[in-house]
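Trainee: Residue 966 is where the sequence shown starts when you use my numbering, and the numbers rise one by one after that.
Even glycine gets a Cβ: it sits at the ideal position worked out from N, Cα and C.
Next up is a structure, given as structure tokens.
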Amino acid sequence: MMYSEFYERTKTEISLDEYHYVEESYYEFEGNKDEFCKAWLKDVKSGKWAMEYKLRKALDDQKAEYERQLAEKDETIDFYRPFYTEVGELRKKLNTAQVHLEAIVRDFRTI
């Protein structure tokens, strides 16, 4: 349903942000546009819509915050990945050097 259709049926002007949530609610509604708008007006009157709107908005805000934090962690991982790789290579070199050192020590003990 388009915003203009919603307005024609409800005679209620709402923000586009709020209409986004009305649209979500409409897609979940099992009925036609007229039935939805009638039910929506009833929900507005009872206060149910205000609660649903706050809940939907809070969930979207929470999702956006989660995605922001996830992106931040991905950036951190990408930043430290080269250091992790470098440390791994240095460990391999250290292990190789330790094996050689132990061989030298064994050779000296046999002298």
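Beta carbon of Met966, beta carbon of Tyr991: below 8 Å?
Mentor: The residue labelled residue 966 in the question sits at position 1 within the sequence shown. The residue labelled residue 991 in the question sits at position 26 within the sequence shown. Cβ distance < 8 Å, so Met966 and Tyr991 count as in contact.
Trainee: Run through DSSP, which three-state label would Glu1040 get?
Mentor: Here residue 1040 corresponds to residue number 75 of the sequence shown, with the count starting at 1. Three-state result, Glu1040: helix.
Trainee: So for Met967, helix, strand or coil by DSSP?
Mentor: On the sequence shown, residue 967 is found 2 positions in, with the first residue counted as 1. Of the three classes helix, strand and coil, the one that applies to Met967 here is coil, per DSSP.
Trainee: Measuring straight from C-alpha to C-alpha, what distance separates Ile1076 and Leu1059?
Mentor: The residue given as residue 1076 occupies position 111 in the sequence shown. The residue given as residue 1059 occupies position 94 in the sequence shown. So the two alpha carbons sit approximately 26 Å from each other.
Trainee: Roughly how many angstroms separate the alpha carbons of Leu1024 and Arg1033, rounded to a whole number?
Mentor: Against the sequence shown, residue 1024 aligns to sequence position 59. Against the sequence shown, residue 1033 aligns to sequence position 68. Their Cα atoms are separated by approximately 14 Å.
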